[in-house]
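Step one of this worksheet: look at the structure below.
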Amino acid sequence: MKLNQLYSVVMHPKAPYAFDYSVENPTHYPAPIGDWEPGKMWFTLRWQGQKIGVRFENKGTVDKPAVEVSIYGKKPVEFKELLSEIAYRYEWNNSDAEFYNKFGNDSILKPLIEKYRGMHGFCGEELYDFIMITIFLQNTTAKRTAQMTRVMLEKYGTLLEFDGKKLYCFWSPEELVDVPEQDLRDLKVGYRAKSFLRVSKDFVDGHIDEVELRKLNTDDLRTDLLKIYGIGPASVMYALGGPFKRAVIDVIPPWEAKIYSKLLFNRDGASAEESMKELDRRYGKYKPSAIHFLFMDLAWKHRAERMKDMEKLLPFN
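What follows is the structure, given as structure tokens:
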């Protein structure tokens with residue numbers, strides 16, 4: 235589907251803002267739903283019933299941020315509402331200034347804060363897409379996840395052409411809900427087929443409403459997210475920090491424990507419990523920000539250097 239440029243405007247995220255570190259995460263598995271090069275980012279989303287292409291282009295500096303946002307589609311949309319949603323997903327109104335001031339001399343974080351100053355968190359996906367990705371990631375390798383994602387996108391997604399790019403947009407719940415389970419299983423997604431359909435039905439029936447969920451306090455939100463079929467505590471924690479922007483770290487999955495062991499203790503074998511206690515001791519309520527900097531530093535280093543010890547622990551594109 236070829237899209238036309240509908241709008242273009244320059245937005246100003248809250249400073250400091252490091253563009254590339256705030257739109258690209260090397261740990262994301264390689265799915266053809268977005269593309270990045272230094273200073274530019276392209277991605278897709280669904281908005282008001284249509285498939286949209288978006289391009290970001292950096293027009294500013296860390297201390298004077300400016301991002302040109304271009305929107306591509308087939309017909310006009312409520313532009314201001316869409317910009318507000320994009321600003322929410324990419325955390326343009328957030329600031330880590332308090333975190334920088336408190337840990338600017340921390341033995342571990344000081345060099346990271348100096349290097350990545352202005353790095354904002356982000357999650358470009360809406361809740362439904364995020365859950366689809368979470369289901370893809372369960373109990374398999376990053377390579378297999380990428381294979382399943384591509385096959386599903388080719389079958390049920392929509393290929394969008396805009397600004398010289400061809401990127402897929404995720405299917406909507408309505409587009410998947412009536413697909414026979416066997417048709418999904420034929421695509422080699424295994425038990426995930428049932429999860430995809432159950433979750434899609436819950437969205438279509440209104441049992442899951444992202445807009446309403448955003449209004450809940452964190453405890454009630456966690457309770458409701460745990461009711462979603464096919465996802466567990468770790469996935470819920472990621473959802474709290476992703477689509478819902480809640481700073482919560484209360485679960486350390488086994489694969490992450492191996493990484494924390496190296497980062498915090500410079501050895502193998504530290505348990506998840508040991509790592510959590512050390513994170514709490516060092517960083518307290520700032521733990522989510524500290525973890526964000528620790529993991530993103532590891533991710534960018536591995537992309538550049540391909541660190542041998544990390545090959546089996548982190549997926550990189």
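Take 235 as the starting number for the sequence shown in the numbering used here and just add one per residue. Every residue, glycine too, gets a C-beta built ideally from N, C-alpha and C.
Between ALA468 and PRO487, how many whole angstroms is the CB-CB distance? I'm expecting something under 8 Å. Here residue 468 refers to the residue found at position 234 when the sequence shown is read from its first residue. Here residue 487 refers to the residue found at position 253 when the sequence shown is read from its first residue. Going by Cβ atoms, the distance from ALA468 to PRO487 rounds to 5 Å, so yes, they are a contact pair.
By DSSP, does TRP405 sit in helix, in strand, or in coil? Translated into positions along the sequence shown, residue 405 becomes position 171. The answer is coil: DSSP assigns TRP405 none of H, G, I, E or B.
PHE313 - containing alpha helix (DSSP H), residue span: In the sequence shown, the residue the question calls residue 313 occupies position 79. First-last of the alpha helix (DSSP H) with PHE313: 313–323.
How would you label GLU258, buried or exposed, when you count the other beta carbons within 10 angstroms and need 16 or more for buried? Position 24 of the sequence shown, counted from the first residue, corresponds to residue 258. By the neighbour-count rule (16 or more Cβ atoms within 10 Å), GLU258 is buried.
On a Cα-Cα basis, can you pick out the residue from LYS521, SER429, ASN500 that is closest to TYR362? Reading the sequence shown from its first residue, position 128 is the one you call residue 362. Closest option to TYR362, Cα to Cα, is SER429.
Output needed for PHE333: all residues of its chain with C-beta closer than 7 Å, excluding positions within five of it in sequence on either side, in chain order. For the purposes of this step, residue 333 is taken as the residue at position 99 of the sequence shown. Around PHE333: TYR520, SER523.
Just to confirm, are VAL445 and MET386 a CB contact at a threshold of 8 Å? Counting from 1 along the sequence shown, the entry for residue 445 is found at position 211. Counting from 1 along the sequence shown, the entry for residue 386 is found at position 152. No, the pair does not count as a contact, with Cβ atoms beyond the cut-off.
For GLY358 and TYR463, I'd like the C-alpha separation in whole angstroms. Here the question's residue 358 lines up with position 124 in the sequence shown. Here the question's residue 463 lines up with position 229 in the sequence shown. In a straight line, the C-alpha of GLY358 is about 22 Å away from that of TYR463.
Reduced DSSP category for ASP269 - H, G, I as helix; E, B as strand; rest coil: On the sequence shown, position 35 is the one that residue 269 refers to. In this structure, ASP269 counts as strand in the three-state DSSP scheme.
Presumed contact (8 Å Cβ cut-off) between PRO272 and ARG384, rounded CB distance: Along the sequence shown, one-based indexing puts residue 272 at 38. Along the sequence shown, one-based indexing puts residue 384 at 150. With 8 Å as the limit, PRO272 and ARG384 do not qualify as a contact, their Cβ atoms being about 25 Å apart.
Using the Cβ count rule (16 or more neighbours within 10 Å means buried), how would you classify PRO407? If you number the sequence shown from 1, residue 407 lands on position 173. Under this definition PRO407 is a buried residue.
Flag this pair as yes or no: are the beta carbons of PHE530 and TYR255 separated by less than 8 Å? The sequence position of residue 530 within the sequence shown is 296, counting from 1. The sequence position of residue 255 within the sequence shown is 21, counting from 1. What sits at residue 530 in the sequence shown is Met, not Phe. It is a contact, given that the beta carbons lie within the stated cut-off.
If LEU240 and PRO310 are in contact, beta carbons under 8 Å, what's the gap, nearest whole angstrom? Counted from its first residue, the sequence shown places residue 240 at position 6. Counted from its first residue, the sequence shown places residue 310 at position 76. The Cβ separation is near 6 Å, so the contact holds.
For LEU317, which of PHE499, PRO250, SER242, ASP330 has the nearest alpha-carbon? The residue given as residue 317 occupies position 83 in the sequence shown. Ranking the options by Cα distance to LEU317, first place goes to SER242.
Run through DSSP, which three-state label would TYR494 get? Taking the sequence shown and counting its residues from 1, one reaches residue 494 at position 260. Here TYR494 sits in helix by DSSP.
State the Cα-Cα distance for the pair GLU302 and ILE525, rounded to the nearest angstrom. Within the sequence shown, numbered from 1, the residue matching residue 302 stands at position 68. Within the sequence shown, numbered from 1, the residue matching residue 525 stands at position 291. So the two alpha carbons sit approximately 29 Å from each other.
Can you tell me where the alpha helix (DSSP H) holding MET530 begins and where it ends? As a working mapping, residue 530 is identified with position 296 in the sequence shown. Unbroken alpha helix (DSSP H) run through MET530: 521–539.
If you measure between the beta carbons of LYS616 and LEU393, is that distance less than 8 Å? The displayed coordinates of the chain run from 235 to 551. Any statement about residue 616 would go beyond what the structure contains.
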